[in-house]
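The sequence shown lines up with residues 1004 to 1155 when you count with the numbering used here. Working notes, structure below.
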Amino acid sequence: MAEPLVGIIMGSTSDMEAMQPCMKQLEEFGIPYEVKVASAHRKPAEVHAWASGAHERGMRVIIAAAGKAAHLGGVVAAYTPNPVITVPMKTSDLGGLDSLLSMVQMPSGVPVACVAINGAKNAAILAVQMLGTGDEAMRQKIIDFKAAMAEA
């Protein structure tokens, strides 16, 4: 199997179902990925180890999904030179607004990109667009994808 180019990390196994569209979209693009479940609050050392080694393991973009006090993306961004895309999870308390606000209010110097609440598919598409900035084959995947959407 090819070395993962995208790392997907989520705070809980309960986020797995909402992240399925992300994994499916990456598979449709033929992009190898790695999945990790670790909470920034419950397993901070594990998150640190995974995020700080992602670049050396060949990953070029990281997608981080979390809900409620959704600090996972920011914590990951603090430990990696890779771009981080965050996916706020819909929550029962505030419908995901809590997650969204946690992700978009990052301090200066630790940026993350953020897609819509439960926007897992868009996170995958954005990851491939990022990969395409330096890889013509990846860029072509996005060109073909957009052309197919226009024909549908």
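Built from N, CA and C at the ideal position, the CB exists for glycine as well. Predicted model, so just to flag it, every value in this text is computed and none were measured.
(message) Classify His947: buried if its beta carbon has 16 or more other beta carbons within 10 angstroms, exposed otherwise.
(response) What the structure shows of the chain is the stretch from 1004 to 1155, and residue 947 is not part of that stretch, so it cannot be assessed.
(message) Give me, in chain order, the residues of the same chain whose beta-carbon lies closer than 8 angstroms to that of Asn1125; leave out the 5 immediate sequence neighbours on both sides.
(response) Val1118 and Ala1119
(message) Strictly by DSSP, which residues pair up with Val1009?
(response) Tyr1036 and Val1064
(request) For Pro1091, name the three-state secondary structure that DSSP assigns. (result) strand
(message) Taking 8 angstroms as the cut-off, does the stretch 1080-1090 touch the stretch 1110-1117 (at least 3 CB pairs, one atom from each stretch)?
(response) yes
(message) Per the DSSP calculation, Ala1069 is bridged to which residue(s)?
(response) Pro1091
(request) May I have the straight-line CA-CA distance separating Gly1099 from Ala1155, to the nearest angstrom? (result) 30 angstroms
(message) With three or more beta-carbon pairs closer than 8 angstroms as the criterion, would you say the stretch 1061-1071 touches the stretch 1128-1135?
(response) yes
(request) Provide the residue(s) that pair with Ala1116 in DSSP beta bridges, ordered along the chain. (result) Ile1088
(request) Grab me the residues of Val1107's own chain with a C-beta within less than 6 angstroms of its C-beta, minus the 5 sequence neighbours each way, in chain order. (result) Cys1117
(request) Using three-state DSSP, classify Lys1124 as helix, strand or coil. (result) helix
(message) Please state the DSSP three-state secondary structure of Gly1137.
(response) coil
(request) Name the two residues that bound the continuous alpha helix (DSSP H) containing Ala1041. (result) That residue, Ala1041, is in no alpha helix (DSSP H); it is neither H nor E in DSSP.
(request) Have a look at Ala1143 and His1051 and give me their C-alpha separation to the nearest angstrom. (result) Ala is not the amino acid found at residue 1143; the sequence shown has Gln there. Rounded to the nearest angstrom, the two C-alpha atoms are 34 angstroms apart.
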